[in-house]
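Going by the numbering used here, the sequence shown opens with residue 835, and the numbers climb by one from there. We put the beta carbon where it would ideally sit given N, CA and C, even for glycine. Only a predicted model underlies this, so the values are computations on that prediction, with no experimental measurement involved. The structure appears below as structure tokens.
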Amino acid sequence: MRVLAGVLLGSSVLLGLAALKVRSLRSQGAASWHSSLPVFKLKNANGMEVHVSTFGAAILKVVVPDKAGKKADVVLGYGSVEEYETANPVTYFGVVVGRVANRIANARFSLEGVDYRLLANNGPNALHGGLKGLHKRRWEGRKVADDDGNESVQLHYTSPEGEEGYPGTLHVHVTYTLLKSTNELRTSIVATTDEATPVNIAQHSYFNLGGHASGTILGHTLRLVGADHYTPVSDKLIPTGEIAPVAGTPFDFTSPQTIGSRIDKVPGAAPGGYDHNFVLFGMGPQAKFIAKNGMASDKPKLAATLVDPASGRAMDVLTTAPGVQFYSGNFLDGSSVGKGGVRYGKHAGLCLETQGFPNAINEPKFPSIVLQPQDTYHHEIVYRFYNV
């Protein structure tokens, strides 16, 4: 494996690169973002590009061609890295979220006889790891390439004991790999702990296959593979504990459905739309007994297919996780100004966050998300782009 470039943000077992290599990174384009934080750029033989930041382990840009060969950036995001740090409201564009993605009811849980109180940042609840979860941290990173020419960005962050109220010291490693010959972005999330702690880490990119500035995703079609059950939520978006069938409801994406054809029928609180966890791979109510160490399988399996008929771009999402949160960008309201000065309105992008189930730490019917010191959390995600 060849190290191409790196940056040291603190003491690290991963890095220790010479200043010459840091300067080499900046010569590859980091300075064009006018940022003191580096931007790692991956590119393959097909012209696909992926840009990654050490802040929040964020995916900043994904450029892929359409059926006519025209390239577009298909993820929402800001025009500078600094905006990821200062943005208000927090949108989670492209970042890694955790320690526990999604919501924990009342920002509290009990584990091995100890009650823990987290920092509430979503009303009374904890969302995406808290006010300064993984998405608000500066990670250590480097760019490498394997012998086949596949380029990767390796990122590391150590979450200390008590950060945002969580027990144990958690070491998190994220690797983004762009394959040289196919338009496939692979994401590996690995975590270890020295004390039992809940772990449910997700990638929170917003996709619009027409291009990030092309309008809404309501014309996209979505299929969720084997997702014949979902977890209904309260008006506060906390799962009720039920694992319900999707048949005959607006949540049935077991075959391809146009998102806009049924989004107005989704029950629940304003602002309306999807923000729900779907149970993958036909596991249904048996998910608790199938998933191990928070994962449903050892190797990524097809979980979702998203298609933009207008551009012809399509994306498969593969994962090892037992669930996927389909979020249709309901809370985007035009106040977030993104790349090129674009204002992202409602449904400008969607998220397919592969994950353990929301509030699983408080819900015994759901697969456990507790990581023990003798185990390793290993979440694999693949984003495969093509044209139809």
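- In this structure, G1183 is the residue among D1142, K877, G1183, K1133 with its C-alpha nearest to the C-alpha of D1167.
- By the CB criterion at 8 Å, N936 and Q1189 fall inside the cutoff.
- Of all C-beta pairs linking the region 965-979 to the region 895-910, fewer than three are shorter than 8 Å, placing the two stretches out of contact.
- N1221 is bridged by DSSP to R1147.
- Residue nearest to N1034 within the set A891, D1150, V1204 is V1204 (criterion: CA-CA distance).
- Here L1052 carries a coil assignment [DSSP, helix/strand/coil].
- The C-beta separation of A1130 from A1155 comes to about 6 Å, placing the pair in contact by the 8 Å criterion.
- In this structure P1001 is in contact with A1030, their Cβ atoms being roughly 7 Å apart against a cut-off of 8 Å.
- About 6 Å separates the Cβ atoms of L1004 and R933, confirming a contact at the 8 Å cut-off.
- Fully contained in the region 1042-1128 are the following beta strand (DSSP E) runs of length 3 or more, in chain order: 1055-1058, 1063-1065, 1109-1113.
- Where E883 is concerned, the enclosing beta strand (DSSP E) starts and stops at 883-887.
- Per DSSP, T1210 lies in no beta strand (DSSP E) segment and is marked neither H nor E.
- Ranked by Cα distance from K1014, the options V1216, Y1178, G983 are led by G983.
- In this structure, the CA atom of T1139 is about 12 Å from the CA atom of G1060.
- In this structure, V1113 lies away from I1072, with their beta-carbon atoms at least 8 Å apart.
- A check of alpha carbon separations from A921 across Y1010, V1171, G1175 identifies V1171 as the nearest.
- In the three-state reduction of the DSSP assignment, Y1040 falls in the coil class.
- Looking at the DSSP output, G1157 sits in a beta bridge with V1113, Q1189.
- The shortest C-alpha to C-alpha distance from P1192 to any of G947, L961, Q1208 is the one to L961.
- Non-local C-beta neighbours of V1006 in its own chain, meaning closer than 6 Å and more than five positions away in sequence, comprise Y991, A1025, ordered along the chain.
- The region 883-970 contains, as complete beta strand (DSSP E) runs of 3+ residues, the segments 883-887, 893-899, 905-907, 942-945, 948-951 (chain order).
- Q1037 sits close to E1187, with the two beta carbons spaced by under 8 Å.
- Note that the C-beta distance between E883 and L894 is not below 8 Å.
- Around Y1010, the same chain offers V886, V987, T1021 as residues with beta carbons nearer than 6 Å, after the five sequence neighbours per side are excluded.
- In the three-state reduction of the DSSP assignment, I1035 falls in the coil class.
- For F1165, there is no enclosing beta strand (DSSP E), as DSSP gives it neither H nor E.
- Closest in alpha carbon position to G1094, among A1121, T1065, N1111, D1142, is D1142.
- Of the residues assessed, R951 falls on the exposed side of the cut-off, its CB having fewer than 16 other CB atoms within 10 angstroms.
- For K875, the enclosing beta strand (DSSP E) covers residues 873-877.
- Boundaries cannot be given for Y1000, as no beta strand (DSSP E) includes it and DSSP labels it neither H nor E.
- Judged by DSSP in its simplified three-state form, A1194 adopts helix.
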